[in-house]
Amino acid sequence: MPDPLLSIRNLRIEATVHAPGEPSREVVIVDDVSLSLDRGKVMGLIGESGAGKSTIGLSALAYGRGGIRLTGGTITLNNREIRLADAATLRSLRGREVTYVAQSAAAAFNPAKRLMEQVIEATLHHGLMSREAAEARAIDLFRTLSLPDPETIGQRYPHQVSGGQLQRAMTAMALCPKPDLVIFDEPTTALDVTTQIDVLAAIKTAIAQTGVAALYITHDLAVVAQVSDEIMVLRHGKMVEHGTVQQIIEAPRQDYTRALISVRSIEHTEKPPSAQPLLVVQNVSARYGAMAKDVLSNVSVQVHPGQTLALVGESGSGKSTMARVITGLLPLRAGQITFDGRTLPRALKDRPREDLRQIQMIYQMADVAMNPRQTVATIIGRPLEFYFGLRGAERDARVQELLDAIELGKGYGERYPAELSGGQKQRVCIARALAAKPKLILCDEVTSALDPLVADGILKLLLDLQAREGVAYLFITHDIATVRAIADSIAVMYQGRVQRYGAKSDVLAPPFDDYTDLLLSSVPEMQIGWLERTLATRRMESAGN
Amino acid sequence: MKGVPLSALFGLIVTGLFFGMAALAPWIAPYGMSEIVGDVWEPASGQFWLGTDNIGRDLLTRMIYGGRNTIFVASMATALSFCLGAFLGFTAAVYGGWVDQLLARGNDLVMSIPTLISALVVLSVMPVTLPVLIVVMGLLDSTRVFRLSRAVAVDINVMDFVEAARLRGEGQSWVIFREILPNALSPLVAELGLRFIFAILFISTLSFLGLGIQPPAADWGAIVKENREGIVYGIPAALVPAVAIVTLSIAVNLVADWALTRTTSLKGGRGA
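Heads up: the sequence lines are chains A and B, in that order. Just so you know, we're using numbering that gives the first Met the number 0 here: the first sequence kicks off at 0 and counts up by one. Just so you know, we're using numbering that gives the first Met the number 0 here: the second sequence kicks off at 0 and counts up by one.
Here you go:
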């Protein structure tokens, strides 16, 4: 048997944490991880944030981000130990034998240079090909990655192509020097599902045609199942399980892996609509500033008391604008919004305090939705003070009640947001919304920034609270799995219009219109071969092309 | 005071020394402020630690009383400029629209005239008293603070937590003082250290030009002015205030740096 291309033995990675106000301390980020990768094979590294998957990926370049040190074990690439290699050796290896595809292509490309210049840069730098040969290879790769106008797209600047195209251009950049190994670090995570599927297909084709080996890092098991041969599950910097794709998905051996696979399996039976809707959005149109085009055009939906309406669509479809219009942050241009039987004033400043109390909002990024200089008790207590005039002990008691409701115990009231984890932050935001005793909560992508297991917890909490408090949700998301878990009715949005609207069972049942079909079929499923089947059967091209 | 870095400790001690001397001037100064106690420009000795000035007054006494005036005027002017500048800057950022335009363009107008020239013009028509000096310096300096606080607040104003406060129905004063101010503190503290020193230089300049603190009251700028001829004869009296200003600048900024690292901590500045 030939030696593997990449072999990592007992890797240990440490970093020094300088937390403000505390003495610096050492933390172990990756502990005793071993893996080996043969030529032409793809290994998926999967885990939640903080699992050390990106750190391990970068260690194949013998690189540690900001203060991270590779302190133990061996990393062997092409029969050469590289963990302790000197800078010159590493320079000759990076961008030549191993290349890297980053998560956010938009941030990784230099906006001032043309794509072609950047795609062939490493190849020319290492003197691997002449400029003409490199450009020809780049154009070939553009074609393989099914980028439009492969001959000329290299002459564009990064802002002149879409996010999905940019991600593919980055893949071309990584493949151009004919490396032995490519590290894909969450290459499709920042993309819409409908775009993700195309990028995924392009990456898979390119890997197959060039015969390169790859480490594919992601937190989405369904995605990694489409492109890899093997999967390694990581948690807290340790290996949990390692096996072939088939074995991991069909016969996981560890509880943690099983939890990852069964994630988003919340059952939610839809409730029938009531006679009296809580919120009626009628023929609403809205636009930003002096734009000539409506962002929302002629939208009509209803939310029933104690129920959930999910707004689904890709970015730019007008979902979040809808929330802004309902809150009055963006006054509507035409149409009418009725809440609890009365017409809501168009603009926020004209609304009475009672209306403001009844409609609360939870944001996608819990970090920036809370004032970093207020304690949790202040954050949750302020609405109590503001709407109900609660003070002192009464207020503290109610804050504690709310903290219990969101399953955070005692002592959390004194913490600052920076001292909470992502899921806890989102829980505090939920408590803040609940404190106002609203009838409607607008949830804007509240689980998108969270790891699957944490997001699951949040969804369960939201469902619990709905059952207990009878609050209605307008749930904005791009994730169909979340919709299945939580919605009673669904509105599918596309380019500012409601494409399809009705009870959950109706919307998710065929016959579909073309867009809904594309959206639904683009959600990765945890099956081997899903990608090929879906691409073969779909009817509409996604907008990312 | 555990965990205070050495540099900050040094800064704190020196700043405290200067402010203490300023506050206790009448009790610690060895002689009367305008008492003539020796010959002209006597060298430093056991009797006159820093020597005497151009008409035979004790220089150390003059320095202590001068520091009292200089530090008092500079502190008051800085406080005024920060209260006014930060408040108007936040207001402009939070209200936006024509309020912002009016304040910001008005500010540009004042800033387009060099500070020293505006101060000279105003002070030449007004009676030069301490309150007038403080108000003039404070107003002129507040234009700089306005710029900074507006720029900082515009960024904070678009954060989700400010939007959340607006959606709750909070008034502008809650938004300004509770949501924006605590988050704008770090750059303002950094600016505070610098501004205070600039204020000291400014009042010294005015006094040197004869439009600041009026004789016989002492002031660091005035001491330079009174003793400047001495430099030609190798008398260092005029340089003593310069040394004092440098020392105080460094000390104040060491303290400001330390305060900065504390306020930058997202744990609400309660660390260390």
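In this text, a Cβ means the ideal position worked out from N, Cα and C, and glycines have one as well.
List, in order along the chain, the chain A residues whose C-beta lies closer than 7 Å to that of residue i?
i	result
V167(B)	Checking the sequence, you will find Arg at residue 167(B) rather than Val. By Cβ distance, chain A contributes L355, P382, F385.
E178(B)	N370
Between which two residues does the alpha helix (DSSP H) holding residue i run?
i	result
S296(A)	Not the alpha helix (DSSP H): S296(A) falls in the beta strand (DSSP E), residues 295-302.
T73(A)	First-last for T73(A): 67-76, but that is the beta strand (DSSP E), not the alpha helix (DSSP H).
H125(A)	Looking at the DSSP string, H125(A) is not in any alpha helix (DSSP H), and its letter there is neither H nor E.
T143(A)	130-143
A118(B)	114-124
T194(A)	192-209
Taking residue i as the query, report the chain A residues whose CB atoms sit under 8 Å from its CB, ordered along the chain.
i	result
N182(B)	N370, P371, R372
Rounding to the nearest angstrom, what Cα-Cα distance links residue i and residue j in this structure?
i	j	result
G422(A)	D366(A)	10 Å
G233(B)	P42(B)	11 Å
L60(A)	M231(A)	19 Å
A457(A)	T209(A)	The residue asked about is misnamed: residue 457(A) is Ile in this sequence, not Ala. Straight-line Cα distance between these residues: approximately 42 Å.
G543(A)	A200(A)	Reliability fails at G543(A), whose pLDDT of 46 lies under 50, so the model's placement of it is uncertain and no value is given.
G412(A)	A448(A)	23 Å
G96(B)	A107(A)	36 Å
T256(A)	V198(A)	26 Å
V13(B)	S74(B)	16 Å
S296(A)	G49(A)	42 Å
T114(B)	V135(B)	10 Å
V121(B)	P215(B)	22 Å
I55(A)	K436(A)	46 Å
L518(A)	A480(A)	12 Å
V16(A)	I179(B)	29 Å
R323(A)	P330(A)	8 Å
Q164(A)	D403(A)	46 Å
G8(B)	D256(B)	Checking the displayed sequence, the identity of residue 8(B) turns out to be Leu instead of Gly. C-alpha separation (whole angstroms): 11 Å.
V226(A)	E524(A)	13 Å
R397(A)	P382(A)	11 Å
S314(A)	T193(A)	10 Å
W40(B)	I27(B)	22 Å
G254(A)	V27(A)	Looking at the sequence shown, residue 254(A) is not Gly but Asp. Answer to the nearest angstrom: the Cα atoms are 23 Å apart.
E353(A)	I475(A)	24 Å
R261(B)	V311(A)	44 Å
L69(A)	R142(A)	38 Å
R356(A)	Y386(A)	7 Å
G268(B)	E418(A)	Since pLDDT at G268(B) reaches only 39, below the 50 mark, its modelled position is unreliable, and no value is offered.
Kindly indicate the opening and closing residues of the beta strand (DSSP E) around residue i.
i	result
L331(A)	That residue, L331(A), is in no beta strand (DSSP E); it is neither H nor E in DSSP.
T268(A)	Unbroken run through T268(A): none, as it is neither H nor E.
N282(A)	278-285
F474(A)	471-476
T307(A)	307-311
M492(A)	488-493
Y215(A)	212-217
R496(A)	496-502
F183(A)	180-184
G546(A)	Residue 546(A) falls outside the range modelled here, since chain A spans only 0 to 544, and no answer is possible.
For residue i, list the residues DSSP reports as bridge partners.
i	result
M360(A)	L441(A)
H241(A)	M231(A)
L407(A)	Answer is none; L407(A) lacks a bridge partner.
F17(B)	None; F17(B) has no bridge partner.
I12(A)	V29(A), L69(A)
T337(A)	V279(A), T342(A)
S35(A)	S6(A)
T151(A)	Answer is none; T151(A) lacks a bridge partner.
E80(A)	T75(A)
D57(B)	T51(B)
Can you name the residues of chain B whose CB is closer than 7 Å to the CB of residue i?
i	result
Y362(A)	D159
Taking C-beta pairs closer than 9 Å, name the residues in chain A that residue i reaches, listed in chain order.
i	result
E190(B)	Ordered by position in chain A, no residue passes the 9 Å Cβ test against E190(B), which lies about 18 Å from the chain.
Just the chain B side, please: which residues come within less than 9 Å of residue i by C-beta, in chain order?
i	result
V367(A)	M158, D159, F160
Anything in chain B within Cβ reach of residue i, meaning under 8 Å, just list it in chain order.
i	result
R352(A)	G168
Contact criterion: CB-CB distance below 9 Å. Does residue i meet it with respect to chain C?
i	result
Q423(A)	This model lacks chain C altogether; the protein chains it does include are A and B.
Next on the checklist: Please identify, using Cβ separations under 9 Å, the residues of the region 138-162 of chain B that lie next to chain A, in order along the chain.
Outcome noted: M158, D159, F160, V161, E162
Item to check | chain B contacts from the region 285-303 of chain A (Cβ-Cβ distance under 9 Å) | outcome: none
Checklist entry - Which residues, taken in chain order from the region 324-347 of chain A, show a beta carbon closer than 9 Å to some beta carbon of chain B? => result T326, G327, L328, L347
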